[in-house]
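K.L.:
Next up is a structure, given as C-alpha cells.
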Amino acid sequence: MPETRIVTKRLRDHPEDSWTIERYLATGGYEALRKALGMTPEAIQDEQVKASGLRGRGGAGFGTGQKWSFLPKDVYPRYLAVNADEGEPSTFKDHMLVERDPHQLIEGVVISAFAVECHQAFVYIRGEFALGYERLRRAIDEAYERGYLGRDILGSGFDLDVILHRGAGCYIAGDETGLLSSLEGERAMPRIKPPFPAVQGLFAKPTVVNNVETLSTVPAIIERGGDWYAGLGVGRSTGTRIFSVSGHVERPANYEVELGTTFRELIEGLAGGVPGGRSMKFFIPGGASSPWLMPEHLDEPTDMDHVQNDLKSMLGSGAIMVFDETTDPLLVAWRLAKFFAHESCGKCTPCREGSGWIEKILYRMSHGLGRPDDLDLMLDFGDNVVPGLNAPFAQTTICALGPSIMSHVVSLDRYFREEIAERMGADTRTRIPVAAPGGGGR
Amino acid sequence: MAFTPQNLTHAHEIVARYPVAKSAILPLLHLAQDQDGWVSPDAMQEIGRILDLTPAQVLGVCSFYSMFKREPVGQLVVSVCTNVSCLVNGGPELLRALEDRHLDDDDVSVEEVECIAACDLAPVMQVNYDYHGPVGVEAATTIIDEYKSRVRTPRTISGTRVDAGATR
Amino acid sequence: MSQWPSAWEYVLPVRPGPDQVTITVDGREVQVPNGELLIKAAQEHGTYIPRFCWHDRMKPVGMCRMCLVEVEGLRGLQIACATPVYDGMVVHTQKDNVRKAQDGVLEFLLINHPLDCPVCDRGGECPLQDQTLAFGPGESRYIEEKRHFEKPTPISDLVLLDRERCIQCGRCTRFAAEIAGDPLIDFGGRGDLTEVITYPDDPFTSYFSGNTVQICPVGALTAKPYRFAARPWDLTTSETSCVTCAVQCRAAVQSSSNRLVRLLGVDSGPVNEGWLCDKGRYGYEWVHADDRVRVPMVRERGELVETSWPEALDAAAAGLRKVLDVHGPEGVAVLGGGRGTNEDAYVWSRFAKGVLGTDHVDAQLGDGLPADIVLGLPRATIADCDRAAAIVLLAPDLKEELPVLFLRVRKAAEELGVPLIDVAPCDNGLTRNADAVVRYVPGEAHDVVADLVRAFDGDRTGDDQIDRAGSLLTGRDGDVVVILGRPSLAEAPDSVVRAAALLGARPGTRFLSALRRSNVHGALDLGLAPGFLPGRVTLDAGRERFTDAWGAVPERRGLDTSGILQAAVDGQLHGLVLLDADPIADFPDRRLARDAIANVDFVIACDAFLTESTRAANVFLPVTVWAEKPGTASNIEGRVQRVSQQISPEGTVMSDWRVAAELAARFDADFDLETVPEVQDEIARLAPAFTGVDAALLRRARDGVVVPLGEHDDELVLDAAGPPITDASWEPILPGTIASEEGVTSHVGTGVVEATGTGSTTTVKPGLTEVEGPQGSRAEADALGSAARDAVAAGPPLHEWDRTTGRSPAPARDAYALRLVSGRKLYDAGRVSAASPSLAPLAAGATLLVHPSDRDQIGIADGEEVQATSGRGSVVLPVRAAPGIPRGVAFLSFNQPGPGASDLIDAGAAVTDVRLEMVEKRS
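Heads up: the sequence lines are chains F, Y and R, in that order. Sequential numbering of the first sequence, starting at 1, is according to this note's numbering. Sequential numbering of the second sequence, starting at 1, is according to this note's numbering. Sequential numbering of the third sequence, starting at 1, is according to this note's numbering.
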C-alpha cells in the first residue's frame, strides 16, 4: 500500500527546494489562505476544521476544532502557540515539516489564527533544530515581505504577527502548559489544569496550542474541504498521519498514510521490515510514552481509539520503533526510563522521585544486578503514579510525563514477565545494592 | 559588560517583541551563548538587569535547559544520541569512541543527548546542531576533523550559522 | 517560581453558584463559601487533608501531590489545594484509593530523604516524620543510593540549606518571590536533581528570610540562631506580640530552660498574616545579652555602684524631691517609655503628671511626629490597605522601619491591585511596586502634595507622575490610606505635617501612623506626651476627670523632647528620667542630646543596658524587658494586644510600672495597683480612648482591641480560637490557639498525629484552647462597642487633629551643597540589633548615597571617603552612587555604628544641607 501524501506531498515531490517560497507558490501555496480569508472564522472552525475530524497530531489526539471552540467569547487578546518542540523519542515528523515545508506551516498558522481571531502567534521551536529554525525564520520573513503576514494580510484587513521562539533543550516544554511556562520565560514546568490554556493560557490570556503537523494539515483541509478530509482514515481517526518509523527496519523514515493502515503495512511494507532476515521482538507504536506492542499486533489498524481502548496503548506522536529478536527489552526499558528521569521537570513528587527510582532499578536489572522482585516493586510503587496501571492512564501528576514513566514497566510486565523472572533469578547471586551512574545526559 | 554594544541593542530589540519582558530570557541566553561560546556569570547578571530579574532567577531558568553551557566548552560540541533508535543502531558505541578520542581535546566537547528527532539517521550526531547520520565512528571522526580544520564551517555553540549574524 | 507567575493573574475557575454552597466531606455535609479551595474548606470543618506545598497565604502550586482526594464525578484523584469547591461536591478523603495515593507520595518523598531526624531541627515537629511514624512501613523498599549534595550550605547570614532534606515543595521560593518580593532563591536544575539555589555570591539577603525557615515543612532550611538550640518537645510557648517595631506582629515565643530560643509568626489576619521580619524573629537574643544590667546601681563618688532596690528607689525619690523642692515640677522631665508596655506607660504617666506634676514628658525622641497629630489622626487599620482606593506613602522606607507593613502594602499593590503612590525624597523599598512615583526636595513635601491633592480632585498639574497619581483614583471606591511618618530625620517634620494636613482635608482620607519605635503608640495613647493625658485627651479636656482620679494634673502644657533637651542645655532642667531611652543614639541631633544630658543635675535611668545616655545616670534602675513581663502593647493602628511573660527574669529586675508605683509611694501617693490586670482595669475606667478595654476583654479578644472600641467594635472577635486542627509550626499558627494565660504556657512544636489509619489525618495540637466560635459572640461585641461609644460620648472629648499647619518653609539649598535625607535601616546600632549576636554583624555601617552624577562631580569612586560638613558638624564617610537618589540629595542611614547622620543634623533647623569634600589621602 502506497503512502497518501497530503502534508508531505511537496517535500517528497521537490526534495531539492521544497522549503523555498518560490516552490511553495509554484505548487499552489497560500491559495488556501486566500480562500480562507474569504470565509468567516466560524465557517472555518465549524464547516472545515471541525467537519474534517482533524485531531491533534502532537500526542493527545484532541479534536482540533473542538479545542478552538473552547476559547471564551469576546476575550482578547488571544494567542496561538505553535508547538514545534518535537522531543518524544523517535518522533521526527515535525522536524521534517519545519525544515522542508515551512511555508505550509505558516499558511496553516495564518488560517488558524484567522479562524480563532488572534493576532499574535508564537512558534516555539525546539532549540536543537538549528536548520529548521533558520528555514522557518527565512520563511516568516518572506511571508511578511509578500503580505502573508503582518498588517492587512492579502487585503483582508486581518493582521497577524508571528514570533519565532527557540527552546533550549527540554522535553517537557513540549507539554502544552510546559510550553506556555517556557514561553513566559519560566522553567518549563507544566501548570495545574484547570484553568485550561483556552481560558487562561499564555500571559493568562486565552490561548490555543497546536502541533506543527496539525497546523500543516489545515491548508489542505481548506483547499479541498473538511468533508473530503473526513472521508479519509477510519472511524474517528480521520485523514492521514505521518508515522516516523525507525529502529530495526530497512528504510527508517517518515511515511504519511491514511489512518487505519495496519502496522504491518507501515513496518513491513513501507519501511521494509526488520533487516537481515531477523524477526521482530516487539515494537513501540506511538513514541516513548506509549506501551509496547508485539508482533501479534502487526495487523491491527492505526486507529487512535482502537489502539487506546483495545490494545491499551496509544498512537501518541506517531513514532513507531521496531526492535528485532536480538534486542534486550530491559535495556530499551532502562534507556527510556533514563530519558524520563532526565526530562522530568521535578514539579510533581511521584514523577520526580519515581522516574529516578525506576531508572536506577532498570539500570541494575539491565546490567546484571537485578533482583527477582524488582519488577513487582516497580509495579507496586508505580501504581501510585498511574493508579490502575492500565491505559488510558490515570495519573497522580499534573502532566502526562508521570504516567509515561510506567509505560515500559507495564510493557515488560505484559509481555516479558517470564523472561525477566528467569533472568533475575539467574542474577540473584549478585545482591549488592548499586547506584546507577548519572550517565552522560544527567 | 557581558553583551557587546551591538548585541545589547539586539537584546533590547528581542525584549520588545514580547508582551512581557521575561519571555525574552531564552533568546537572550542563546544570544549570550552565541557571543561567548557559553553562558557566563556576567551574562546571567546582565540578562537579569535587562529583564529586571535577580541572577538567581536567571540561573534557575538557565539550569533547567540542557542546551545552555554554564561552564566553558570546546568550539565544537558533538552531541551523540543514545536514545532507543540509536541505542539499537550503535549510538552508545559511537558516543564512547568519540568521548575517548576527544577526552583531552579542548576544542571538542562530546556529550550524550536525548533523542534529537532524526531517528531515520540513527546513529545520529550533531556538531554544533548540524545533523550527521547515520555515522559510524570512522565517518564521525572524519566529519569532526573537517570541522576542526574548517573544511566545514561550524555553527555557534547555540547553533546559529555564523554568517547569519546573531540569533534573531 | 514558575508555575503561577505572580505577574499574571491566573485564577482557578470557580463554578457559578450561590455564595455559600453545600459540600459533602467523608459523608458529612458542610456549608462553605463557593469557590474556596477544598483543602481549606475541609480544614475549616475539621478534616485535615495532608499537604506539604500548600500554604494558605500563597498561591496553590500543586507540586507535592500529598493532598490527593477523590471527588465524585471527576476522573482520577484531585489535589485538594487547587480544587475550588462547588455546590454539591462530594469528597472522599479517607477511602482506600486516596490513602494509597497519599502513602505513595510519602514513600516517594522519603526515598531520597536522609533519615537524620535525630539531629534535625525539624525532628519532632516534622510532618514527614509524623506521618511516616504513624503510617509508614517499618523499613524502606528503596535500596538504591540516595542522592547527595554538599550540605548544609549557608544561603544567607541567617539561613542554612540542606538540599538532601529538601522535598521541593517550593514554599520558600514562592514566599521569596510572591510575598517578600526578594526572588533571591529559586529552583535550579530539574527532575530529581532539582535544588533550591541562590546565585553564587548573591545570598538570600532578604529581611524576611526567617519565614522560609518557619514554613519549610522539613528541616531543609534551618536558622542559624536556632540550629541545635532545642528540641521541639522541650519548648514552652506563649502567644505574644513582637515589639521590635510598632507593627507588633503576633508571634509565638518559645523558650527552653528559661531561655528564649525561637519566635514564630502567628497568623493574625488583621496584623501580620503570619509573617515576621528577621530582626523581629531573631532579635530576642538581646534579652539574654551578657551586658544586661540586672542589679540596681547608684552613683557614689562618680561611679555607679551596685545596691539594693530599696536603697536605689530611696535615692531616686530623694533626688527627684530635691529637684522639685528647688525648681518646681517644671525642673523635671521624663523621656522615653516607647519600649515598655501600655501598663508601664500608664503608671509612669500617672506618676509624672499626677505626682511629680510635670508635663515635660515625651515618649518620642525627636524622631517622630508631633503628638497632637499622631493622637488626632483619623485612623486606618492595616487591613484597610487591602481595600483602599489608593495608598499614599508619606513615610520613611517601610521595608527598613516597619517591614511587615511593607509586606502588606506590597501585597495590596501587587496582588490586590490597590494603586500605590510613593511620595518621598528618594527611592525606597516600595518604589518598584508603586504606580506613581512623586519625588520632592526635603523641606518641600507640602508643595508636591498640594499638587497631588489638586490632581486627586481632577486638575491637571502638568507633572506626569502627579497627574498619573491623580488618575489612579478614578473608579475606585473606599478611603485613601495615607501612611504617615517622618520620611527623613534630617528635616524637621513641619513640611510633612503640612503635606499631611492637605491630604487630611480631603474627605475619605485615613491615616496609618508609621512611627516605628516598639510601643510608642501605646506610650502616646497613655499620656507619655506633652499636653496629653491617658486615652487621647488633652490636658485641658481631661483635667477634671484625672484630677478627680489622680489628685492633680500639670497646669500647663510641657515641652517635647527637643524642647526638653534644649531646656537642659539652657540650664532650665535639673532632673531627668530616662525610661528605656537613649537620646544620644536616637535623637537626630547627637550634640544637643549629649550636651543636655551632661548638663542635668540628676538623672534616673530605668533601663536594661548601660548606654551612652544611661551611663550618665545618678540612679540606674534595671527593668524587665519584653518576654519577661506580661501586659499589653498598642501598634500603629492603636490595636491593643497582649504580650506575654515567657521567661522569669534573671537577677533583681523590676517592671517599669512597678518602679513608678514604688517611687510614687515614696511621694506618699498610693496607687493601689498590684497586678497588671488592675492597671488595665484602671486604664479602661479612666482613659477615654480605652473605655471598655479592661483586662477581661483583653483576655477574650482574639485579635486584640483597636481603640477606641466604639469605632472598631466590628473588628472585635471574642473567645474565638481557630479550629483546633493546626499542625506543627510549619503550618499557619492561628491566633488564640496557644493558651497564654500569664504564667501558663503550652507546647506548640509537636503536631500529634492521630494514628487511626493511613491517609488524611486529623492532627490535634496539645494546649489548644477550645472555646466557642465567633458567631455567638458577635452580638456581645456589638453591645460592648455600643456601650463604649456611649461612655466616650459622655466623657471628655477625644483629641482631634485640627490640621493647623507647621512652621516656616525651608531655606533654599546652596548650589554647592547636597540636601540630606536620613532614615533608618533595619539593622543598626540600636539595642535589638547590637545586642543580638546573630544580627549585630548585619548593620552595614553608614554610607552616603548620592546620585551617580553628584558622585562624579565630587570626583571619587564608590567606596571612597569624603568629608561631609553641615552647619552642625562634620564626619568622614564612604560614598556610593545610587540611581534611586535624585540629584542634589544625599541619603545617609541613621544610627549605624560610628559617626553618622546625627552628627550632622541640627534639631533646630528645617533641613540639613551638607557639603562634601574629598578627604586628603594620607600616605
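Idealized CB from N, CA, C, for every residue including glycine. Given the structure is predicted, the values throughout are model-derived calculations rather than measurements.
1) In chain F, which residues lie with their C-beta within 9 Å of the C-beta of R:K100?
2) Compute the minimum distance between the beta carbon of R:D130 and the heavy atoms of the ligand HEM, and state whether it is under 7 Å.
3) Going by the beta-carbon positions, is the gap between F:L259 and F:T238 smaller than 8 Å?
4) Using a beta-carbon distance cut-off of less than 8 Å, what residues from the segment 345-361 of chain F approach chain R?
5) Assign F:W68 to buried or exposed, taking buried as 16 or more other Cβ atoms, counted over all protein chains shown, within 10 Å of its Cβ.
6) Using 8 Å as the threshold, is the C-beta distance between R:V437 and R:A388 below it?
7) Which one of R:C81, R:V247 and R:V374 has the shortest CA to CA distance from R:R408?
8) Please confirm whether Y:R65 has its beta-carbon closer than 8 Å to some beta-carbon of chain F.
9) Taking a Cβ distance cut-off of 8 Å, strictly less, list which residues of the segment 80-108 of chain F are near chain Y, in chain order.
10) For the segment 189-211 of chain F, which residues have a CB atom closer than 8 Å to at least one CB atom of chain R, in sequence order?
11) Could you please give me the residues that DSSP links to F:F282 through a beta bridge?
12) If you drop the 5 nearest sequence neighbours on each side, which residues of the same chain put their C-beta closer than 7 Å to that of R:E772?
13) When the Cα atoms are used, what is the spatial distance from R:R294 to R:V603?
14) Taking CB distances under 8 Å as the criterion, tell me whether F:P252 reaches chain Y.
15) In the DSSP output, what is F:M304 paired with across the bridge?
16) Report buried or exposed for F:F70, applying the criterion of at least 16 other Cβ atoms within 10 angstroms of its Cβ.
17) I'd like to know if the segment 283-300 of chain F and the segment 75-89 of chain F are in contact, where contact means that at least 3 CB-CB pairs between them fall below 8 Å.
18) Return the first residue and the last residue of the beta strand (DSSP E) that R:E239 is part of.
19) So the candidates are R:S836, R:E865 and R:A383; which of them puts its Cα closest to the Cα of R:R292?
20) Within the chosen definition, does the segment 373-381 of chain R reach the segment 611-620 of chain R through at least 3 CB pairs nearer than 8 Å?
21) Which residue comes first and which comes last in the beta strand (DSSP E) that contains R:P33?
22) Using a C-beta to C-beta distance shorter than 7 Å, which residues of chain R count as neighbours of F:H342?
23) Suppose contacts are defined by Cβ-Cβ distances below 8 Å. Is Y:R101 in contact with Y:T142 by that definition?
24) Report the neighbours of Y:P55 on chain R: residues whose CB is nearer than 7 Å to its CB, in chain order.
25) What residues of chain B sit near R:G181, judged by a beta carbon separation below 9 Å?
26) Which residues mark the beginning and the end of the beta strand (DSSP E) in which F:H165 is found?
27) What does Y:L26 reach in chain R if we use C-beta pairs closer than 7 Å?
28) What do you reckon, are the CB atoms on F:A32 and F:I242 nearer than 8 Å?
29) Below 8 Å between beta carbons is the criterion; list the residues of the segment 149-163 of chain R that meet it against any residue of chain Y, in chain order.
30) Under a CB-based cut-off of 8 Å, is F:M186 close to chain Y?
31) With 16 as the cutoff for other CB atoms within 10 Å, does R:M918 come out buried or exposed?
32) Near F:R78, what residues of its chain come up, given a Cβ to Cβ distance below 7 Å and the 5 sequence neighbours on each side ignored?
33) Is there contact here, the segment 336-353 of chain R with the segment 649-664 of chain R, by at least three beta-carbon pairs under 8 Å?
34) Roughly how many whole angstroms lie between the Cα atoms of R:P378 and R:F511?
35) Give the C-beta separation of Y:S158 and Y:D52 to the nearest angstrom, bearing in mind that I take them to be a contact with Cβ-Cβ under 8 Å.
36) Report the residue from R:R299, R:L37, R:L489 and R:Q254 whose alpha carbon sits nearest the alpha carbon of R:R615.
P.N.:
Judging by the given coordinates:
1) D383, N384 and P387
2) The model on display carries no ligand, and the ligand HEM is accordingly not part of it.
3) yes
4) C345, G346, K347, C348, T349, P350, R352, E353, G354, S355, G356, W357, K360 and I361
5) buried
6) no
7) R:V247
8) It is Tyr, not Arg, that sits at residue 65 of chain Y in the sequence shown. It does: the Cβ of Y:Y65 has a partner Cβ on chain F nearer than 8 Å.
9) E86, G87, E88, P89, S90, T91, F92, D94 and H95
10) M189, R191, I192, P194, P195, V199, Q200, F203 and A204
11) F:F323
12) Annotation note: pLDDT 40 at R:E772 (below 50); position unreliable, no value reported.
13) 18 Å
14) yes
15) None, per the DSSP bridge assignment.
16) exposed
17) yes
18) T236 to S241
19) R:S836
20) no
21) R28 to P33
22) G191
23) no
24) Y199 and D202
25) Looking for chain B here will not work: the only protein chains present are F, Y and R.
26) D161 to R166
27) Ordered by position in chain R, no residue passes the 7 Å Cβ test against Y:L26, which lies about 13 Å from the chain.
28) no
29) none
30) Residue identity differs from the one stated: residue 186 of chain F is Glu in this sequence, not Met. Interface residue, yes.
31) exposed
32) L71, V116, E117, C118, K205, P206 and T207
33) yes
34) 6 Å
35) Actually they are not in contact, since the Cβ atoms of Y:S158 and Y:D52 sit about 23 Å apart, beyond 8 Å.
36) R:R299
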